[in-house]
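Heads up: the structure comes next, in structure tokens.
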């Protein structure tokens, strides 16, 4: 039996419990173990949180602020999310020739349409590009997004 250690009183309670169980159930040997409670160290993370824009090797989901889930996009990147969105060939870079996100903004459906990279949801994290492609394909298959022009990143042979 595991109990939180709450002071010397528990030592007395453990002794009484063992005697009581031994008296009524002589074949059972009760072991009472105390665990430490919360410590200051357990309340704080010793590592800093990595900023969202610096995350790499991820499958992400982003949606239009005005249109909501009806205008969502699922993608993957090996680079950082910042580079994927604002780099020279990024989704939201002005010189990008074709981007599903820029096309949505350019259609003028709603003048309030915008994609806020701070509201990206990380769906998956992978070690390599092949794993990312499989993860993206699975998420594309099972999620409801409308801005993606491709149905998958890599063929899935799922029965």
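Residue numbers (my numbering): 7 to 165. Each residue gets a CB set at the ideal place from its N, CA and C atoms; glycine is no exception. Note that this is a predicted model, so its numbers are computed, not measured.
| Asked | Found |
| --- | --- |
| Would you identify the three-state DSSP class for residue 126, choosing helix, strand or coil? | coil |
| How big is the Cα-Cα spacing for residue 105 and residue 95? | 9 Å |
| Taking the C-alpha atoms as reference points, what is the distance between residue 99 and residue 47? | 43 Å |
| Start and end of the alpha helix (DSSP H) containing residue 18? | 15–30 |
| Along the alpha helix (DSSP H) that carries residue 63, what are the first and last residues, could you check? | Residue 63 -> not in any alpha helix (DSSP H); beta strand (DSSP E) instead, spanning 62–70. |
| With respect to the alpha helix (DSSP H) encompassing residue 48, which residues constitute its N-terminal and C-terminal limits? | 46–49 |
| Is it true that the stretch 19–37 meets the stretch 79–95, where meeting means three or more beta-carbon pairs spaced less than 8 Å apart? | no |
| Can you say whether residue 69 is buried or exposed, counting buried as having 16 or more other CB atoms within 10 angstroms of its CB? | buried |
| With a CB to CB cut of under 6 Å and the five nearest residues on each side skipped, what residues in its chain are close to residue 67? | 80, 127, 129 |
| Taking 7 Å as the cut-off, decide whether the C-beta atoms of residue 154 and residue 71 are in contact. | no |
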